[in-house]
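Protein chains in written order, with the numbering used here: chain A, 1 to 407; chain B, 408 to 564.
Below, the structure written as structure tokens:
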């Protein structure tokens, strides 16, 4: 394990005080804070290597190209894929849209079934609704149990509809639930479905190996795992990516352009039209190096410890109802709850007045909140710099809610 | 409690939140309007009975945060018994006040002044606005002979 109090020193923003108090940042599920190593890596790139990639024969252009390709290799190794299978995108949402438009439009037809789940972030629902609208395919959702798990019996039933695609989240952004995606992927493959996994909330907290998962596509963002905003990854199996149409077209992704048609380059450039975010890729590598120095197994241990401690303390506050499973083994990264009689936004405002920053609302999971019969919830979410003190300060601040609303 | 927080959750606001006015359903209505801020989860149903150019009665069912409930309750209390023109004018003044524009409240409506505290919390302004905008849109649709409208005070994202 590592000492989170020590780690905090690497995060300049956590040194900031608001209203004379140290900030308690419990919204890492929305975006993580960035260590100075990542910030410096980005600055260094712009100060020393900045130039456009794959074009022009000059030293800076070569350096920049090399940095981008090295980043691809590092990321590929980190998740167990091949370099050419790593496509740089802006974020998880763009990665899912790339599959929806690059694969879905060509391969889905009227009455085909796209299977997603009630637990998905809107970014893994809306693109499929759009593809369904254009192709005549149908979107079906695996049900969530009252405990906040994917209903495995319902999943088996839904697989009988012979979906062409299963699109599911590895770790729920709203409940923290870790889904059994290895087993679920196996079952999907048995009936011939392809599998897309939304890994946005998994990569910051646990070892991810796309080979072990066995999925066909894996999508994640850099900014939730200590990296910068604006860089994300779609990993896909080479043979599937090769058959897909490009999502965005233009410069950088063509082989030859004629007046009436064009031909595409090979992977991965086929999917990377326009100038890529090299500084973002460099920052993401720095984030991976940071996580590797801590040891990703230790990161998961710390995450689990916080979950156990957090669940115990938060559940102990009068009026609080925890959402999602109670077993820390089944959870990662966040704890969501409701406060009886007080709307999540009011809770968040009171917490903010105490320097405690949380997320409130639907967390981009309206179907899930409707299913659970919850109007809105409060979510506290962690990362490597989250300490026991942060949870203690949260619980103290929660007592303020009662002072204002409990009269 | 910190000062800005104190300013938002003033006694008057908390009183309206705890015992919201306008919760009695109306047997006959002239228009109804629905407001919804999906990212918050605030939902509001509003029904109005008019008589001789006067807001005879108003029903508001608001599910949401303390601010949206209190603001809806204050709307119900304020516009009931006022002429349509006066109700519109007040709603417009409240809207301007919440948006930070220079707006003078009539002297007899000082209670509404307590909504000012919300302005220190930019993300919560839309909560306070919802009832007023829903009322105004409903009234406008009624005057133009349109059906029931759907309103939001969240910006398109």
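Ideal placement from N, C-alpha and C gives every residue a C-beta, glycine not left out.
query, result
"Could you check the C-alpha separation between residue 34 (chain A) and residue 8 (chain A) for me, to the nearest Å?", "10 Å"
"Closest to residue 143 (chain A) by C-alpha separation, out of A:230, A:285, A:399 and A:369, would be which residue?", "A:369"
"Which bits of chain B does residue 121 (chain A) rub up against, with CB to CB less than 9 Å?", "Correct list: empty, because the minimum Cβ distance to chain B is about 14 Å."
"So, for residue 435 (chain B): in the same chain, excluding its five sequence neighbours on each side, which residues have a beta-carbon less than 8 Å away from its beta-carbon?", "456"
"Go through its chain and collect everything with a Cβ distance to residue 330 (chain A)'s Cβ below 8 Å, but skip five positions before and after it.", "149, 177 and 178"
"So which residues of chain B does residue 362 (chain A) contact, with C-beta pairs closer than 9 Å?", "445, 446, 447 and 448"
"Report buried or exposed for residue 111 (chain A), applying the criterion of at least 16 other Cβ atoms within 10 angstroms of its Cβ.", "exposed"
"Mind listing the chain A neighbours of residue 471 (chain B)? Cutoff is C-beta to C-beta under 7 Å, in chain order.", "343"
"Do residue 229 (chain A) and residue 31 (chain A) have their C-beta atoms within less than 8 Å of each other?", "yes"
"Taking the beta strand (DSSP E) that residue 142 (chain A) falls in, what are its first and last residues?", "138-142"
"Starting from residue 220 (chain A), follow the beta strand (DSSP E) in both directions and report where the run begins and ends.", "217-221"
"Mind checking who residue 362 (chain A) pairs with in its DSSP beta bridge?", "Paired residue(s): none; residue 362 (chain A) is not in a bridge."
"Taking the Cβ atom as the reference point for each residue, do residue 469 (chain B) and residue 376 (chain A) lie within a distance shorter than 8 Å?", "no"
"Using 8 Å as the limit for Cβ to Cβ distance, is residue 381 (chain A) near chain B?", "no"
"Residue ranges of each alpha helix (DSSP H) run of no fewer than 4 residues wholly in the region 86-153 of chain A, ordered along the chain?", "92-99 and 126-135"
"Look up residue 466 (chain B) in the DSSP assignment and say whether it is helix, strand or coil.", "strand"
"Which residues bound the alpha helix (DSSP H) around residue 503 (chain B)?", "491-505"
"Taking only three categories from DSSP, how would you classify residue 379 (chain A)?", "strand"
"Please tell me whether residue 346 (chain A) has its Cβ less than 8 Å away from any Cβ of chain B.", "yes"
"For chain A, find out if any of its Cβ atoms is closer than 8 Å to the Cβ of residue 412 (chain B); answer yes or no.", "yes"
"Name, going along the chain, the residues of the region 240-264 of chain A whose beta-carbon falls closer than 8 Å to a beta-carbon of chain B.", "none"
"For residue 376 (chain A), go through chain B and note every residue whose CB falls closer than 7 Å to its CB, in chain order.", "447 and 448"
"Answer yes or no: does any C-beta atom of chain E fall closer than 8 Å to that of residue 531 (chain B)?", "Annotation note: the requested chain E is absent from the structure, which comprises protein chains A and B."
"Using 8 Å as the threshold, is the region 80-87 of chain A in touch with the region 237-256 of chain A, meaning 3 or more CB pairs across them?", "yes"
"Compute the Euclidean distance between the alpha carbons of residue 224 (chain A) and residue 415 (chain B), then round it to the nearest angstrom.", "32 Å"
"Alpha carbon to alpha carbon, how far is residue 253 (chain A) from residue 412 (chain A)? Give it in angstroms, no decimals.", "Limits of chain A in this structure are 1 at one end and 407 at the other, which puts residue 412 (chain A) out of reach."
"Return the CA-CA distance between residue 559 (chain B) and residue 26 (chain A), expressed in angstroms with no decimal places.", "29 Å"
"In whole angstroms, give me the CA-to-CA distance for residue 165 (chain A) and residue 44 (chain A).", "42 Å"
"Tell me the start and end of each unbroken alpha helix (DSSP H) in the region 418-474 of chain B that is at least 4 residues and wholly inside, in chain order.", "418-425"
"What residue ranges within the region 167-204 of chain A form continuous alpha helix (DSSP H) runs of no fewer than 4 residues, ordered along the chain?", "181-190"
"Please compile the residues from chain A whose C-beta is within a distance smaller than 8 Å of the C-beta of residue 542 (chain B).", "Within 8 Å Cβ-Cβ: nothing; residue 542 (chain B) doesn't reach chain A, min ~21 Å."
"Return the residue from the list B:430, B:465, B:538 and B:529 that minimises the CA-CA distance to residue 438 (chain B).", "B:465"
"Bridge partners for residue 321 (chain A) per DSSP, in chain order?", "A:338"
"Within 10 Å of its beta-carbon, does residue 141 (chain A) have 16 or more other beta-carbons around it, so buried, or fewer, so exposed?", "buried"
"Just the Cα atoms here: how many angstroms apart are residue 527 (chain B) and residue 354 (chain A)?", "15 Å"
"Taking the beta carbon of residue 459 (chain B) as the centre, do at least 16 other beta carbons fall within 10 Å, making it buried, or is it exposed?", "exposed"
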